[in-house]
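> Residue numbers (the working numbering): 849 to 1314. Even glycine gets a Cβ: it sits at the ideal position worked out from N, Cα and C. These numbers come from a predicted model, not from an experiment.
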């Protein structure tokens, strides 16, 4: 405890920033793909697995750490609950699963890449792994008889056919694997439950198991653009930093290193140019960083992506509290204006369909994107980035855009002021409106008088300044 407190004080006094160890990729193919990804701006994240059946938090309820965000049935003892959870695979039967519909809605929304949970921490593989029988294609899973049983393959194929970049989410920890949670011992927290220093061969088996599963994903599922690795506590002990300590999770005395150099070499041999996101393990295997459920206050000087839920939960939960379309559009604009991407998460229902509010939001976002996408895709941040309710972006051809955020349920006012825009334009047009725009410069600001038709536009007005 004294060593931990000393470390915290040292980190605090030095004022270390988590991103200091960001390393830009030296592989030209990776750098090119990272630029391509950065131009996409808007992606779809999906958490789907056996946890969707009862509509509970994904995986975490079988972790016995005591936290308010980890709900668990208090009428069962822990071991009985864990067994109940693991047996949910025998009920998984998403008979209405049609990833072509998912891809269609995502494309209409203006999304351009997808990240799908091939395996979460609970270890249930949503692909036909040969390393474990705890998978979607196992005989005890009702859906295994479906021609679409290899769900990850079906998802990747459907989205690839719509022109999406393909991302494979993969959990480094596996709480079902006996090489990570050894049945010989209790499972007190998220970490592996045995001393690796005393049982190095068992950890070596886990490392091989992990390598083999990732190798399958990189070999048998077509072109993959992003390997999105979660479970940042599985890492070399030397990389533990203030961010990891801030999680408040137990830190084991041993090293949970799974040999990322070996995994990366194999993965990129199979998928040249692969973007790797070993999230929170800052360094050469984290090609972009992933703020979770938050938007940075200012632009970051490295590639980044906010991963955020459309509702309150990552996976499907009945009667979830979904963000409004207005809020989602504003989030996308704010993130893009600061140079990031938005990876928006939804949780499919246990029958394989998207909840109706998700379809409604995707459709409405798409209607806004149809008009204003040129201010989003392939743009760059430009100072002052955001002033009150106006954000700015710049296209590669030199056009500057001012995105005026309209408050929810409000209509656009007759006159607006763009304070201190990045440039003094010669021409201003309003995307989606053919009528000419009247404007004048007042000091460093621009005063714009809007035509009456603007009242029909929702969420945000986009002014193109040339």
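Strictly under 8 Å for the Cβ-Cβ distance: is residue 1105 near chain C by that measure?
Among the chains of the structure shown, chain C does not appear; only one protein chain is present.
> Quick one: what does DSSP say residue 1253 is sitting in, helix, strand or coil?
Correct three-state label for residue 1253: strand.
> Under 8 Å, do residue 1015 and residue 962 count as touching if we go by C-beta distance?
Yes.
> In three-state DSSP terms, what is residue 1014?
The answer is strand: DSSP assigns residue 1014 an E or B state.
> Taking C-alpha atoms, which residue in 970, 883 and 1154 lies nearest to residue 931?
Closest option to residue 931, Cα to Cα, is 970.
> If you count every other CB in all the chains shown that lies within 10 Å of the CB of residue 1246, and 16 or more means buried, which is it?
Its Cβ having fewer than 16 others within 10 Å, residue 1246 is exposed.
> Determine the closest residue to residue 1119 out of 1293, 1068 and 924, with distance taken between C-alpha atoms.
Minimum Cα distance to residue 1119 is reached at 1068.
> Which term fits residue 1164, buried or exposed, when burial requires 16 or more other beta carbons within 10 angstroms of its beta carbon?
Residue 1164 should be labelled buried.
> Counting along the chain, where does the alpha helix (DSSP H) carrying residue 1094 start and finish?
Its alpha helix (DSSP H) spans residues 1090-1094.
> Between residue 893 and residue 1193, how many whole angstroms is the CB-CB distance? I'm expecting something under 8 Å.
Indeed they touch by this definition, with Cβ atoms about 4 Å apart.
> Run the CB neighbour count on residue 995, radius 10 Å, all protein chains shown included, and call it buried at 16 or more, exposed below.
Under this definition residue 995 is an exposed residue.
> Determine, using beta carbons only, whether residue 974 and residue 1000 come nearer to each other than 8 Å.
Taking 8 Å as the Cβ cut-off, residue 974 and residue 1000 qualify as a contacting pair.
> How is the alpha helix (DSSP H) around residue 949 delimited, first residue to last?
Its alpha helix (DSSP H) spans residues 947-956.
> Helix or strand or just coil, what does DSSP make of residue 1243?
Three-state DSSP puts residue 1243 in a strand.
> Who pairs with residue 1137 in a beta bridge, going by DSSP?
In DSSP, residue 1137 forms a bridge with 1152.
> Below 8 Å on the Cβ atoms is my contact criterion, and I expect residue 905 with residue 1161 to pass it. Report the Cβ-Cβ distance as a whole number of Å.
Going by Cβ atoms, the distance from residue 905 to residue 1161 rounds to 7 Å, so yes, they are a contact pair.
> Is the number of C-beta pairs between the region 1285-1292 and the region 1208-1219 that are closer than 8 Å three or more?
No, the region 1285-1292 does not touch the region 1208-1219.
> For residue 1100, tell me which candidate among 1277, 1081 and 1279 has the shortest Cα-Cα distance.
The residue with the shortest Cα to Cα distance from residue 1100 is 1081.
> Quick check on residue 1259: buried or exposed, where buried means 16 or more other Cβ atoms within 10 Å of its Cβ?
By the neighbour-count rule (16 or more Cβ atoms within 10 Å), residue 1259 is not buried but exposed.
> Would you identify the three-state DSSP class for residue 1194, choosing helix, strand or coil?
Strand, per DSSP.
> Starting from the C-beta of residue 990, find all residues in its chain whose C-beta is less than 8 Å away, skip the five residues before and the five after it, and write them out in chain order.
Taken in chain order, the residues that qualify are 938, 939, 940 and 941.
> Leaving aside the five residues before and after residue 1150 along the sequence, list all residues of the same chain whose C-beta is less than 8 Å from its C-beta, in chain order.
These residues qualify, in order along the chain: 867, 870, 872, 1136 and 1137.
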